[in-house]
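To start, the structure under review is shown below, and the notes come after it.
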Amino acid sequence: MKIRNILLLSPCALSLTAISMWIGDRAYSWLPPQAAAESQLVDRLFSFLVTLGAFIFLGVTGTLMYSIIFHRAEEYDTSDGPPVEGNLTLEIVWTAIPVLLVFWIAGYSYQIYEQMGIQGHGSAIHLHVPMGMEAAYAAPMNKDALKQERGDTGNFSISSEASSNIIPVEDIEVDAKQWAWVFRYPETGVTSTELHLPINHRIRLAMQSEDVVHGFYIPAFRVKQDIIPNRKIDFEFTPIRIGKYRLTDSEFSGTYFATMQANVVVESSEEYKKWLVEAANRKPCTASNQAASEYVRESKALIKSWTTIAPAQPPVVNYSNQ
53 MKIRNILLLS
63 PCALSLTAIS
73 MWIGDRAYSW
83 LPPQAAAESQ
93 LVDRLFSFLV
103 TLGAFIFLGV
113 TGTLMYSIIF
123 HRAEEYDTSD
133 GPPVEGNLTL
143 EIVWTAIPVL
153 LVFWIAGYSY
163 QIYEQMGIQG
173 HGSAIHLHVP
183 MGMEAAYAAP
193 MNKDALKQER
203 GDTGNFSISS
213 EASSNIIPVE
223 DIEVDAKQWA
233 WVFRYPETGV
243 TSTELHLPIN
253 HRIRLAMQSE
263 DVVHGFYIPA
273 FRVKQDIIPN
283 RKIDFEFTPI
293 RIGKYRLTDS
303 EFSGTYFATM
313 QANVVVESSE
323 EYKKWLVEAA
333 NRKPCTASNQ
343 AASEYVRESK
353 ALIKSWTTIA
363 PAQPPVVNYS
373 NQ
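Start counting the sequence shown at 53; every next residue gets the next number (our numbering).
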């Protein structure tokens with residue numbers, strides 16, 4: 053009887069595993085394109101969770117359906133079922149399996165977030181990679197060593213095996229306020245309300261908030277970082293896909309927080325340098341700000357339904373393209 057049960061259950065378990073893995077693989081198509089190295093890690097974790105969830109869901113519902121179809125009580129049978137006492141082995145198994153699954157999920161999730169260098173409210177957790185764990189990004193190096201590796205040609209490929217541990221770093225300062233994003237490029241002095249990033253460069257952001265907690269969130273990058281007032285937060289990621297994406301405030305930071313959005317443009321190194329030169333030659337001017345304009349328009353109304361926080365003054369920048 054046991055051999056027969058094993059022969060019957062084995063194909064079911066294999067089919068269930070195959071279907072769950074297929075569903076987990078489909079989960080990649082549910083998300084925006086992978087535009088940063090960190091997105092590959094997050095999507096891998098998400099696919100793992102979907103696969104595991106599908107296996108549990110299909111296994112439980114399949115068992116229930118089997119029981120309903122093949123183990124139904126006869127019509128008009130109102131008698132009690134057979135008295136079944138506890139099974140210690142079974143109780144240990146169905147307690148141990150969920151516990152092990154929780155530890156598995158928690159451990160894998162921790163590894164992913166350690167590799168991404170995510171920081172929380174409690175303390176500034178700088179990038180750290182545990183021993184034996186491969187990070188999602190490569191270590192930066194100084195400019196002289198980078199030129200030597202490039203051979204002074206200016207060409208760089210992230211996929212090059214020889215330079216797999218060398219990625220140029222771009223430092224950008226980020227100011228968040230109610231309700232606008234302002235980006236500063238220290239080497240050129242450029243300020244912008246649109247975030248431009250060179251592809252395959254390690255982006256190192258120095259972020260600060262002028263008022264309340266804001267959330268730096270780019271869905272296509274799968275990165276999110278809370279920005280705390282009166283404190284500078286360092287945050288890093290590596291864009292790997294050319295295109296235009298959207299940055300939004302993921303925290304409720306006040307009345308007009310939904311308007312606190314900005315374009316994120318990932319471009320080639322040549323196009324990025326060209327944009328910096330073009331922006332540096334522009335005369336600083338007041339950027340268009342949806343929150344400020346809506347506040348002024350509502351303030352002119354005869355009746356206001358509630359008191360609204362006044363937005364900060366629209367930023368003065370070299371480049372604005374909302």
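Ideal Cβ placement from N, Cα and C applies to all residues, glycine included.
With contacts defined as CB atoms closer than 8 angstroms, residue 365 and residue 306 fail to qualify as a contacting pair. The residue among 325, 259, 101 with its C-alpha nearest the C-alpha of residue 158 is 101.
Under the three-pair Cβ rule at 8 angstroms, the segment 273-293 counts as touching the segment 82-93.
CA-to-CA, the gap between residue 121 and residue 70 works out to about 24 angstroms. Note: residue 266 is bridge-paired with 279 in the DSSP secondary-structure output. Between residue 314 and residue 240, the C-beta gap is not smaller than 8 angstroms, which leaves the two residues out of contact.
Rounded to the nearest whole angstrom, the C-alpha separation of residue 97 and residue 135 is 44 angstroms. Secondary structure of residue 85 (DSSP, three-state): coil. Straight-line measurement puts the Cα of residue 312 at about 5 angstroms from the Cα of residue 232. Cβ neighbours of residue 274 within its own chain (closer than 6 angstroms, five residues either side excluded): 90, 91, 94. The C-alpha of residue 225 lies about 51 angstroms from the C-alpha of residue 67.
The shortest CA-to-CA distance from residue 146 to any of 168, 112, 56, 126 is the one to 112. Counting other Cβ atoms within 10 Å of its Cβ, residue 348 stays below 16 and is therefore classed as exposed.
Under the criterion of beta carbons closer than 8 angstroms, residue 299 and residue 237 do not qualify as touching, at roughly 16 angstroms.
For residue 227 and residue 114, the gap between their C-alpha atoms comes out near 52 angstroms. Excluding residues up to 5 positions away in sequence, 265, 266, 267 lie with their Cβ nearer than 6 angstroms to the Cβ of residue 303 in the same chain.
The closest CA to that of residue 249, considering only 88, 78, 84, 160, is found on 88. Distance from the CA of residue 256 to the CA of residue 277, rounded to the nearest whole angstrom, comes to 13 angstroms.
Within the same chain, Cβ atoms closer than 6 angstroms to the Cβ of residue 84 are found at 271, 272, the five residues on either side in sequence being excluded. Taking the Cα positions, residue 284 is about 35 angstroms away from residue 81. Contact between residue 308 and residue 367 is absent: CB atoms are separated by about 14 angstroms, not below the 8 angstroms threshold. For residue 218, no beta strand (DSSP E) segment is defined, and its DSSP state is neither H nor E. Apart from sequence neighbours up to five positions away, the residues of its chain that approach residue 339 with a beta-carbon distance below 6 angstroms are 245, 366, 367, 369, 372, ordered along the chain. When DSSP assignments are scanned along the segment 129-172, the uninterrupted stretches of alpha helix (DSSP H) that are 4 or more residues long and fall wholly within it turn out to be 140-168.
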